[in-house]
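Notes follow the structure.
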Amino acid sequence: MLSHSVLSLGSLLLALNFHGADSATTPLVDENPRPVVLLGTAGDFAILTKTGVTTTGVTDVTGDMGTSPIAAAALTGFSLTIDSTNTFSLSTHVTGKLFAASYTSPTPSKMTTAISDLVTACKDAAGRVNPDVLDLGAGTIDGLTLAPGLYKWGSSVDFTKLTFKGKDLAQGADPVWILQVTGDLIVGAGAIVTLTNGALAKNIFWQVAGSTTLHTTAAMKGIILCAKSIVFQTGSSLNGKALAQTAVTLDATTIKDVKDATIVKV
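Take the sequence shown: its letters are residues -23 to -1, 1 to 243, numbered as in mature numbering (1 follows the signal peptide of the UniProt record, and there is no 0).
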């Protein structure tokens, strides 16, 4: 056990020495993969909110959308067409179904459960302890490459370029990232998120205690679990899920649910 500990510490020091103090790559983290955050039925949605979704411009969402406990009137800008069953609606902006608490049974119950599962998932992600990396870059993580693990910041986080580098798939379980942000998440204009070495958008969990903003043409990846609002500025995109405990705002935004294999941008 002692020799293993010494070897692990030596490997870490070697990695730090190799990369240097100004490295663009984070230190090695725990070899034991973190369990994914279980989304429950909240995972059935590309966008899920408590207080509505608003869109302007030519938005394109692939995946289902839902809001509760607010009514369907809070899904604005989508030119909704109600299905004959009155349990969901359709939109030319959405390849999928739109659900709201005001629709006919069983939709209200479905949405209540989904929102409950969203709150549970947020608590799970926020409650993970013993982070592998604490306050990386004092919240400015532009240009970094993140290894799998649990990251925590006691501040807001911002970047315009970020890489998630996993392990070779032959080495075992899919790599998982959980990123706990105490403040806001700010994704800069034109931002690019790159996934390499087996990293998957479905295994990247952004737990944000504040609000999230994707600035113009930013291309984001991962599952956003946000306690407040998620704002997509003009031309921004997400390969993942936007799950907010308040509202989501879209502006000529492209969102692909992680159930869809298509990557929005490279």
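Cβ atoms here follow ideal geometry from the backbone N, Cα and C, with glycine treated the same way.
| Asked | Found |
| --- | --- |
| C-alpha distance - residue 164 paired with residue 207, whole-angstrom precision | 11 angstroms |
| Residue 17 - DSSP class collapsed to helix/strand/coil | helix |
| One or two residues paired with residue 259 in a DSSP bridge | Only positions -23 to 243 of the chain appear in the structure, and residue 259 is not among them; the question remains open. |
| As assigned by DSSP and simplified to three states, the class of residue 172 | strand |
| Enclosing beta strand (DSSP E) for residue 43 [first to last residue] | 42 to 44 |
| Backbone CA spacing between residue 195 and residue 14 [nearest angstrom] | 25 angstroms |
| Residue 231 in three-state terms, based on DSSP | strand |
| Alpha-carbon to alpha-carbon, residue 230 and residue 152 | 28 angstroms |
| Minimum Cβ-Cβ distance from residue 230 to chain B less than 9 angstroms | Here chain B cannot be found, since the structure has a single protein chain. |
| Nearest residue (CA-CA) to residue 227, options 17, 11, 26, 204 | 26 |
| Same chain, Cβ closer than 7 angstroms to residue 159, neighbours up to 5 away in sequence not counted | 130, 131, 132, 186 |
| Delimiting residues of the beta strand (DSSP E) encompassing residue 97 | Premise fails: residue 97 lies in the alpha helix (DSSP H), 84 to 104, not in any beta strand (DSSP E). |
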